[in-house]
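Trainee: Please see the structure below; I have some questions.
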Amino acid sequence: MKYQSTRNAALTAMPSQAVLQGLAPDGGLYVLPNLRLDFDWQGTLRLDTLGMATKILSALLPDYANMDKLTQRAYAGKFETPDLTPLRQVGDNYVLELFRGPTSAFKDVALSMLPQLMVAAKGEEKIVILTATSGDTGKAALVGFQDVPGIDIIVFYPENGVSAVQKAQMVTQQGKNVHVCAIRGNFDDAQNGVKQVFSAVTQQNLLAGRKVRLSSANSINIGRLAPQVVYYFKAYADLEKKGHIRRGDAVDFVVPTGNFGDILAGFIAKQLGLPVGRLVCASNANNVLTEFIQTGHYDRRRPFYKTSSPSMDILISSNLERLLYSLSDGNAETVAALMQQLSQTGEYQIDASMLQRLQKDFWAGCCEEAGTSQTIGKLWREQQYLCDTHTAVAWNVAEQYRSATKTDAPLVVLSTASAYKFPAAVLKAIDGEACGDEFDQMEQLHRLTGVPIPAHLAKLRSQPVLHHDVINREEMLSYVLERAK
Ligand SMILES: *Cc1c(COP(=O)(O)O)cnc(C)c1O
Numbered sequence: 003m004k005y006q007s008t009r010n011a012a013l014t015a016m017p018s019q020a021v022l023q024g025l026a027p028d029g030g031l032y033v034l035p036n037l038r039l040d041f042d043w044q045g046t047l048r049l050d051t052l053g054m055a056t057k058i059l060s061a062l063l064p065d066y067a068n069m070d071k072l073t074q075r076a077y078a079g080k081f082e083t084p085d086l087t088p089l090r091q092v093g094d095n096y097v098l099e100l101f102r103g104p105t106s107a108f109k110d111v112a113l114s115m116l117p118q119l120m121v122a123a124k125g126e127e128k129i130v131i132l133t134a135t136s137g138d139t140g141k142a143a144l145v146g147f148q149d150v151p152g153i154d155i156i157v158f159y160p161e162n163g164v165s166a167v168q169k170a171q172m173v174t175q176q177g178k179n180v181h182v183c184a185i186r187g188n189f190d191d192a193q194n195g196v197k198q199v200f201s202a203v204t205q206q207n208l209l210a211g212r213k214v215r216l217s218s219a220n221s222i223n224i225g226r227l228a229p230q231v232v233y234y235f236k237a238y239a240d241l242e243k244k245g246h247i248r249r250g251d252a253v254d255f256v257v258p259t260g261n262f263g264d265i266l267a268g269f270i271a272k273q274l275g276l277p278v279g280r281l282v283c284a285s286n287a288n289n290v291l292t293e294f295i296q297t298g299h300y301d302r303r304r305p306f307y308k309t310s311s312p313s314m315d316i317l318i319s320s321n322l323e324r325l326l327y328s329l330s331d332g333n334a335e336t337v338a339a340l341m342q343q344l345s346q347t348g349e350y351q352i353d354a355s356m357l358q359r360l361q362k363d364f365w366a367g368c369c370e371e372a373g374t375s376q377t378i379g380k381l382w383r384e385q386q387y388l389c390d391t392h393t394a395v396a397w398n399v400a401e402q403y404r405s406a407t408k409t410d411a412p413l414v415v416l417s418t419a420s421a422y423k424f425p426a427a428v429l430k431a432i433d434g435e436a437c438g439d440e441f442d443q444m445e446q447l448h449r450l451t452g453v454p455i456p457a458h459l460a461k462l463r464s465q466p467v468l469h470h471d472v473i474n475r476e477e478m479l480s481y482v483l484e485r486a487k
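Below you can see the structure in the form of structure tokens.
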């Protein structure tokens, strides 16, 4: 079973090679043309979380041997709870907590597994992972790849573009194979700089003879997407165990969305047979996806807002391309044409039959800053549940969905970050005030709510800073080549 590019059916790769490459050579994303319809989803629901992970990852990445060992190494003992992603009932809804991993970000679920998949796939060559981060991905990738043999990782972050907590998380990172470097500029500078390093290295063959391969831990890699399918099964099994649903009942999931990876994993779970009802796409003020799902018109030509839920501040959702592939019945020419239109004009419109299919499985809503803050306050006052800004957006959209559709199906809201990663916004929402620096605010939030601060965040302030590099964007290539020796 081979993966192929969303833009060209003739460009194929074995699953493990797709993981190593990340992006297909034509810029498309790797997809499986025929997802397994005979997948034993019912048997999967009987397993524990690691068993589910092994079974689902083996189905999606069938050329790997010993997947059980890989999932053990990735997850066992690394999360706050052995079931990795606990489900909590909050009011009439359920919250699926995806932030119980080593860096308190939902990215941990995927970035704990990706290094294992890369090590198992790679040959003799050394791999250097390049990552530009706007905050959460960098730390989760650093922890995931720390001291992994044969792989080095370089993380670039915008010097003034991440929060104090996020910066402290990265510059205190230990490990013999990790490099953390600030870029003078914003996130786009860091991200474009990384892209330029990749193309310069390929075009000029700069690593020739060195037995080194550059790769990325970006969310377009199928090795990051596949591990996320697991928690949809896990949530469904939990609802069944607790007697809230019966086998076969449809469950709706509400997903705070940025690059469309998280929600697409839910779509894959549905393709594998799990009774997923609607996937509800929640956006903040950057609501390009809301318009798209409601009208079929994708239009990135709009203002960009910096919000309190920064991981969703995004106007080009890369993984949407995989959904287009599926909506067009696997027609790579259609996808290639839409993507070309997007890059040339900044917009595209899908046809009526694609839109109809889209709306059968997806619903969308958005929530601006005031609504986000009100939702955090309300959830705390009425349910004693402390949530972060991204989760608040999703909760708010879940309520919009309930009132618009009058559904009484169980709703699972995916929670993607600990409230302690955004202490200022959360404090303001529940108390009206936030004083001191972010570390003071964490303690203030803890005194006010009694909710424990994740241990690794609590001790950050006293940890030694190990990484001091700050460079200009033009210096990124030489920085990478120096470290790729
Ligand atoms: C990355 C991220 C998201 C968005 O997930 P996508 O897979 O990019 O849609 C939402 N919330 C948080 C906290 C994140 O870090």
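Each residue of the sequence shown is one higher than the last, beginning at 3 in the working numbering.
For each residue, glycine too, the CB sits at the ideal point set by N, CA and C.
As the structure is a computational prediction, the values presented were derived from the model and not from experiment.
Taking three-plus beta-carbon pairs below 8 Å as touching, is the region 471 to 481 in contact with the region 444 to 456?
Mentor: Segments in contact, no.
Trainee: Would you give the residue range spanned by the beta strand (DSSP E) that Gly-298 belongs to?
Mentor: Segment: none, Gly-298 is in no beta strand (DSSP E) and carries neither H nor E.
Trainee: Within the same chain, show all residues whose beta-carbon is closer than 6 Å to that of Phe-189, passing over the 5 residues directly before and after it, in chain order.
Mentor: Taken in chain order, the residues that qualify are Ser-136, Pro-160 and Gly-163.
Trainee: Per DSSP, what are the beta-bridge partners of Leu-281 in this structure?
Mentor: Note: Leu-281 sits in a beta bridge opposite Phe-255 and Phe-364.
Trainee: My output table needs one value for Ile-352: the three-state DSSP class, helix, strand or coil.
Mentor: In the structure shown, Ile-352 sits in coil (DSSP, three-state: anything other than H, G, I, E or B).
Trainee: When you compare the CB of Ile-156 with every CB in chain D, is at least one pair closer than 8 Å?
Mentor: Although the question refers to chain D, the structure presented lacks it and comprises just one protein chain.
Trainee: Once the 5 residues before and after Leu-119 are set aside, which same chain residues still bring their CB inside 6 Å of it?
Mentor: Answer for Leu-119: Val-21 and Gly-225, listed in chain order.
Trainee: Inspect the beta-carbon positions of Val-150 and Pro-104 and report whether they are closer than 8 Å.
Mentor: It is not a contact, given that the beta carbons lie outside the stated cut-off.
Trainee: Under 8 Å Cβ to Cβ from Leu-317, same chain only, skipping five residues before and after it: list those, please.
Mentor: Excluding positions up to five away in sequence, the list reads Asn-288, Val-290, Arg-302, Arg-304 and Phe-306.
Trainee: For my contact list, Arg-102 and Pro-88 are in at a C-beta cut-off of 8 Å; report their separation, rounded to the angstrom.
Mentor: That pair is a contact at about 7 Å.
Trainee: What residue range is occupied by the uninterrupted beta strand (DSSP E) comprising Phe-158?
Mentor: It spans 153 to 160 - the beta strand (DSSP E) in which Phe-158 sits, taken as one unbroken run.
Trainee: Between Leu-98, Gly-93, Gly-53 and Leu-62, which has its C-alpha nearest Ala-76's C-alpha?
Mentor: Here the closest residue by C-alpha is Gly-53.
Trainee: For the beta strand (DSSP E) holding Ala-426, just list the boundary residues, first then last.
Mentor: Where Ala-426 is concerned, there is no enclosing beta strand (DSSP E), although the alpha helix (DSSP H) it sits in stretches over 425 to 433.
Trainee: Which two residues bound the contiguous alpha helix (DSSP H) that contains Glu-371?
Mentor: Counting along the chain, the alpha helix (DSSP H) containing Glu-371 begins and ends at 371 to 385.
Trainee: Report yes if the CB atom of Ala-400 is closer than 8 Å to the CB atom of Leu-388, and no otherwise.
Mentor: Going by C-beta atoms, Ala-400 is not nearer than 8 Å to Leu-388.
Trainee: Can you tell me whether Val-467 is helix, strand or coil according to DSSP?
Mentor: If DSSP states are grouped into helix, strand and coil, Val-467 belongs with coil.
Trainee: Taking C-alpha atoms, which residue in Met-172, Pro-312 and Tyr-234 lies nearest to Ala-394?
Mentor: If we check each option's Cα against that of Ala-394, Pro-312 comes out closest.
Trainee: Taking C-beta to C-beta, are Leu-462 and Val-182 nearer than 8 Å?
Mentor: Not a contact, by the Cβ cut-off of 8 Å.
Trainee: Just to confirm, is the Cβ distance from Met-271 to Phe-235 under 8 Å?
Mentor: Inspection of the sequence shows that residue 271 is occupied by Ala rather than by Met. Going by C-beta atoms, Ala-271 is nearer than 8 Å to Phe-235.
Trainee: Cβ atoms of Val-33 and Tyr-5: under 8 Å apart, would you say?
Mentor: Yes, Cβ-Cβ distance for Tyr-5 and Val-33 is below 8 Å.
Trainee: With Ile-58 as the anchor, note down where its alpha helix (DSSP H) starts and where it stops.
Mentor: Looking at the DSSP string, the run of the alpha helix (DSSP H) that includes Ile-58 is 51 to 62.
Trainee: Roughly how many angstroms separate the alpha carbons of Glu-82 and Glu-99, rounded to a whole number?
Mentor: Roughly 11 Å between the two C-alpha positions.
Trainee: Pick helix, strand or coil for Arg-215, following the three-state DSSP scheme.
Mentor: Reduced to three states, the DSSP call for Arg-215 is strand.
Trainee: Return the residue from the list Lys-178, Gly-195, Met-16 and Arg-215 that minimises the CA-CA distance to Ala-184.
Mentor: Selected option, being the one with the closest Cα: Gly-195.
Trainee: Run the proximity test for Met-341: is its beta-carbon closer than 7 Å to any non-hydrogen atom belonging to ligand 1?
Mentor: Not so, every heavy atom of ligand 1 lies at least 7 Å from the Cβ.
Trainee: Taking the alpha helix (DSSP H) that Lys-141 falls in, what are its first and last residues?
Mentor: Residues 138 to 147.
Trainee: So, for Asn-10: in the same chain, excluding its five sequence neighbours on each side, which residues have a beta-carbon less than 8 Å away from its beta-carbon?
Mentor: Excluding sequence neighbours, Asn-10 sits near Ala-26, Asp-28, Gly-30, Ala-334 and Ala-338.
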